[in-house]
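Last residue of the sequence shown: number 574 in my numbering, and the count goes up by one each step with no gaps.
Positions of the beta carbon are idealized from the N, C-alpha and C atoms, including for glycine.
From a predicted model like this one, the values you see are computed outputs, not experimental measurements.
Encoded as structure tokens, the structure appears first; notes follow it.
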Amino acid sequence: SGGGRSPVAISLLLAAAVGGVRYQAVTHLLPVDHVDRVGLFGAEVVIRGRVAEEPERREGKNRFALSLETQGVAGGMGDGEEQVVSGKVLVTLVHGLAAELGYGDRLTLRGRLLRPQPARNPSAFDYRQFLAVRDIHATISVRRPEQILRIEPRLGRSVYTEVVLRIRNSIRRGFQADMSGARGGLLQGLLLGEKYRIPQEVQDSFRTTGLAHALVISGLHVGLVTVFFFTGLKLCRLPDRPASAMTVAVLVLYAFVTELQPPVVRATIMATAVLVGRMAGRQGEVYNSLGLAALVILSLWPADLLSLSFQLSFAATLAIVGLHGPISSLFPKFWRGEDTWTGKWLVSPLCVSIAAQIGTAPLIAYHFQQFAPISLIANLAVVPLLGLVVGLGILTALTGWWIPLVSTAFNASNYLVLTLLIDIVEGFAAVPWASVSAPRPSPELMALAAALTVLLAHLRHRLWARRLFVCLLLGGLNTWVWGGRVVGERQLEVVIVQLPLSLRSVVPWAVISAPLQIFLVEKVNS
Numbered sequence: 049s050g051g052g053r054s055p056v057a058i059s060l061l062l063a064a065a066v067g068g069v070r071y072q073a074v075t076h077l078l079p080v081d082h083v084d085r086v087g088l089f090g091a092e093v094v095i096r097g098r099v100a101e102e103p104e105r106r107e108g109k110n111r112f113a114l115s116l117e118t119q120g121v122a123g124g125m126g127d128g129e130e131q132v133v134s135g136k137v138l139v140t141l142v143h144g145l146a147a148e149l150g151y152g153d154r155l156t157l158r159g160r161l162l163r164p165q166p167a168r169n170p171s172a173f174d175y176r177q178f179l180a181v182r183d184i185h186a187t188i189s190v191r192r193p194e195q196i197l198r199i200e201p202r203l204g205r206s207v208y209t210e211v212v213l214r215i216r217n218s219i220r221r222g223f224q225a226d227m228s229g230a231r232g233g234l235l236q237g238l239l240l241g242e243k244y245r246i247p248q249e250v251q252d253s254f255r256t257t258g259l260a261h262a263l264v265i266s267g268l269h270v271g272l273v274t275v276f277f278f279t280g281l282k283l284c285r286l287p288d289r290p291a292s293a294m295t296v297a298v299l300v301l302y303a304f305v306t307e308l309q310p311p312v313v314r315a316t317i318m319a320t321a322v323l324v325g326r327m328a329g330r331q332g333e334v335y336n337s338l339g340l341a342a343l344v345i346l347s348l349w350p351a352d353l354l355s356l357s358f359q360l361s362f363a364a365t366l367a368i369v370g371l372h373g374p375i376s377s378l379f380p381k382f383w384r385g386e387d388t389w390t391g392k393w394l395v396s397p398l399c400v401s402i403a404a405q406i407g408t409a410p411l412i413a414y415h416f417q418q419f420a421p422i423s424l425i426a427n428l429a430v431v432p433l434l435g436l437v438v439g440l441g442i443l444t445a446l447t448g449w450w451i452p453l454v455s456t457a458f459n460a461s462n463y464l465v466l467t468l469l470i471d472i473v474e475g476f477a478a479v480p481w482a483s484v485s486a487p488r489p490s491p492e493l494m495a496l497a498a499a500l501t502v503l504l505a506h507l508r509h510r511l512w513a514r515r516l517f518v519c520l521l522l523g524g525l526n527t528w529v530w531g532g533r534v535v536g537e538r539q540l541e542v543v544i545v546q547l548p549l550s551l552r553s554v555v556p557w558a559v560i561s562a563p564l565q566i567f568l569v570e571k572v573n574s
């Protein structure tokens, strides 16, 4: 058996090496004409490019990525040095400027080219890295009409503009016809991936209760779309193969409509593998499907490895698949039976919630420095409502463009469900200790948590897994308890918190903070 495993191990190492090289090439080995390397940050420039995505239309501003074609120095395209520049710039238009801009339009504008801000304090959000994942390395803000020099509408048609954007706009109009505010924004965020439309207070409530993953289009949405269309096609008496093929086509279209977000691509690839296997008369294997999804996503977008949505999506799915069985085995047999209501409606959802929490808790603690114990209970109430919201949203999308009256009925029903959903989440968020602050785990602790989670899935049937689990757990606990005493005294770490102070406030702040500074210096010296 050792000889059979060697080619597999070599293949995995080779794939990891090739992936590492491609990630380095995409994220760091930028071409010499890339906007990140031309050395014009902070300068007044004139740029020309095409709108690379559908603009985010928020209140008072439009934001989109501009794929660069030409860049010139201040003074206009004819007065300064002009050169071809690659890469993308995040453009923000304020006060409703050029509100008619759309995907594919060419835009020429003048502005100050800025580098995105990095994390200014320890464990803070790194905006520069967040944009770099999307291949955006510069920003420009347009506040005056005279900064917009020229707008050229897109020429020609494409599948994306004529099919994908039309469907997306049609679905959005169907939602906005009857709903606005927090409920309309939440619905568009759940179905179309437009998270920026969800009010900040609603996002904060979901984050406090540990339900931030519910605001991201995930496998739940894709699964509901799959079941909805496949069941509907079967009710129309279509054979298995045509029904599976048409469902796959719908899933691919839905992935493009939601702008190919990593969780949607992952779930689409897995569902496609299952449906293709059904057409071929073969049963799929979930770990192989997950591996295929990760391989496809990272081959096309290597930088997604660092995105939180990619990490949470795969961590939650792997944890649910691997830990659902071991966790359910802890309950009495007559409780967890699939033919009993306790097993179907209580034990199984609770096991899914616990498994997802185990898989994602280290990542949430690392990125947000918080832990939400209330999420174990909140998931039981919120996930069924999310399924109902998505189902009604699909019905609205299918009927909004040809039977508006029926679409209004579905929107009215969804309005009630969304109201109940928001009220429940806000109620859980108001519970004391719903969310507690957690220290940011070290990379070593993250690796230990991942190894223990993998071993948990094999404890019931593998003796080596039980032995290794105990060894790693005891080793980690001993390192945590005795590490500081063995290594010696820890070095002092000084953190400087940057405050946006104006010149007028420097002197008062200096006077107010002087006693604190003297106290800290005395403590350090002592």
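From the DSSP output, in three-state form, read off residue i for me.
i, result
"residue 309", "coil"
"residue 344", "helix"
"residue 131", "strand"
"residue 450", "coil"
"residue 82", "strand"
"residue 125", "Confidence at residue 125 is low in this model, with a pLDDT of 42, below 50, so its placement is unreliable and the value that follows should be read with caution. Three-state result, residue 125: coil."
"residue 261", "helix"
"residue 157", "strand"
"residue 404", "helix"
"residue 490", "coil"
"residue 470", "helix"
"residue 186", "strand"
"residue 165", "coil"
"residue 116", "strand"
"residue 378", "coil"
"residue 138", "strand"
"residue 246", "coil"
"residue 419", "strand"
"residue 10", "Because residue 10 is not part of the residues shown, which for the chain are 49 to 574, the question remains open."
"residue 104", "strand"
"residue 206", "coil"
"residue 514", "helix"
"residue 461", "helix"
Cα-Cα, which of the options is closest to residue i?
i, options, result
"residue 488", "413, 498, 253 and 373", "413"
"residue 361", "382, 260, 154 and 325", "260"
"residue 209", "307, 246, 239 and 155", "307"
"residue 309", "334, 341 and 329", "341"
"residue 204", "153, 80 and 247", "153"
"residue 374", "494, 509 and 427", "509"
"residue 418", "405, 427 and 512", "405"
"residue 116", "181, 467, 93 and 107", "93"
"residue 410", "293, 511, 496 and 184", "496"
"residue 107", "182, 66, 229 and 175", "229"
"residue 331", "304, 322 and 237", "322"
Just the C-alpha distance for residue i and residue j, rounded to the nearest angstrom, thanks.
i, j, result
"residue 395", "residue 297", "35 Å"
"residue 244", "residue 119", "30 Å"
"residue 499", "residue 481", "29 Å"
"residue 123", "residue 72", "Bear in mind that a pLDDT of 44 at residue 123, under 50, signals an unreliable position, so the model cannot answer this."
"residue 319", "residue 278", "11 Å"
"residue 379", "residue 451", "48 Å"
"residue 389", "residue 382", "10 Å"
"residue 465", "residue 442", "14 Å"
"residue 276", "residue 515", "45 Å"
"residue 206", "residue 300", "17 Å"
"residue 460", "residue 173", "38 Å"
"residue 550", "residue 78", "For residue 550, the predicted model reports a pLDDT of 48, less than 50, meaning its position is unreliable; a value from the coordinates is still stated below. Whole-angstrom Cα-Cα distance: 37 Å."
"residue 151", "residue 324", "33 Å"
"residue 423", "residue 445", "30 Å"
"residue 434", "residue 289", "30 Å"
State buried or exposed for residue i, treating a residue as buried only when at least 16 other CB atoms are found within 10 Å of its CB.
i, result
"residue 165", "exposed"
"residue 525", "exposed"
"residue 336", "exposed"
"residue 56", "exposed"
"residue 462", "buried"
"residue 484", "exposed"
"residue 392", "exposed"
"residue 62", "exposed"
"residue 384", "buried"
"residue 102", "buried"
"residue 242", "buried"
Identify the continuous alpha helix (DSSP H) that holds residue i and give its terminal residues.
i, result
"residue 97", "It is not in any alpha helix (DSSP H) - residue 97 instead sits in the beta strand (DSSP E) that spans 92–99."
"residue 384", "381–384"
"residue 179", "175–180"
"residue 283", "267–283"
How far does the beta strand (DSSP E) with residue i in it reach, from first residue to last?
i, result
"residue 242", "Taken as a continuous stretch (DSSP letters only), residue 242 belongs to no beta strand (DSSP E), as it is neither H nor E."
"residue 215", "Residue 215 -> not in any beta strand (DSSP E); alpha helix (DSSP H) instead, spanning 213–224."
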